[in-house]
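Chain order of the listed sequences is A and B. Counting with this note's numbering, you get residues 1199 to 1311 for the letters of the first sequence. Counting with this note's numbering, you get residues 773 to 884 for the letters of the second sequence. Using N, Cα and C, we set each Cβ at its ideal position, and we do this for glycine too. Predicted model only: the values in this text are computed from it and were never measured. Here is the structure we will look at, set down as structure tokens.
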Amino acid sequence: DAGVIQSPRHEVTEMGQEVTLRCKPISGHNSLFWYRQTMMRGLELLIYFNNNVPIDDSGMPEDRFSAKMPNASFSTLKIQPSEPRDSAVYFCASSFQGRGEQFFGPGTRLTVL
Amino acid sequence: GQSLEQPSEVTAVEGAIVQINCTYQTSGFYGLSWYQQHDGGAPTFLSYNALDGLEETGRFSSFLSRSDSYGYLLLQELQMKDSASYFCAVREGTGGGNKLTFGTGTQLKVEL
């Protein structure tokens, strides 16, 4: 198994630019999660999808953040415009719906200057 | 809302046993998970308890008491490679309880 795939692994951008993070879940998994991790706030759930449908986006910090899952094998998290406080590691995870085990991707380390 | 508490740091010597506690407050509780994260790495799943009692997986065991809203992760025969952060996470929510809310993590340092 390839595991959860995320790209890019590292992203450095300037304030105001658009950032798009990509995720390919494990084949057959029907739930997908986007998390953000910082020293100050820990590991936060931003949004999750079941069967490509957004179920809970209460963790999305503000309208600058948006996420899509056009099909079962691909999801994006977009930040527009980006701000320095968005600097963090963003993880994508997938699972079978209703299971306690989630499989995390390697993360994208985002730095906004 | 939901909240989880776990110690911020624990230090132990190689070969010892260490217990990392987690207390939680939440609604719609389905179960308690534990994850390990090495510096620079991604969280990896260790164990999951939906029912009261002890679950054992090799050197690691996890316990849950639903009535006490409490669980712990027990690591035996500690090795240097066990130095990492350990997170408890509550599985909760409607529609099958698919949501995980993570604690702030416990940094375990294993010394010689």
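- When the five nearest sequence neighbours on each side are left out, the beta carbons in the same chain lying within less than 6 angstroms of the beta carbon of A/H1208 are those of R1307, in order along the chain.
- Taking a beta-carbon distance threshold of 7 angstroms, B/Y820 counts as an interface residue toward chain A.
- Boundaries of the beta strand (DSSP E) around A/V1217: 1217 to 1222.
- Chain order gives no chain A residues near B/S833, where near means a beta carbon separation below 9 angstroms; the closest approach is about 16 angstroms.
- As DSSP reads the structure, B/G825 sits in a beta bridge with B/L836.
- Using a CB distance cut-off of 7 angstroms, A/P1259 does not count as an interface residue toward chain B.
- B/S819 and B/Q879 have their alpha carbons spaced roughly 17 angstroms apart.
- In this structure, A/S1293 lies near A/S1229, with their beta-carbon atoms less than 7 angstroms apart.
- Residue environment for A/S1225: exposed (fewer than 16 other C-beta atoms within 10 angstroms of its C-beta).
- Residues of chain A whose Cβ lies closer than 8 angstroms to the Cβ of B/R863 are, in chain order, G1298.
- The C-beta of A/G1214 comes no closer than 7 angstroms to any C-beta of chain B.
- The CB of A/D1254 comes closer than 8 angstroms to the CB of G865, K871 in chain B, given here in chain order.
- Against chain A, the beta carbon of B/S805 has neighbours under 9 angstroms at G1298, E1299, Q1300, listed in chain order.
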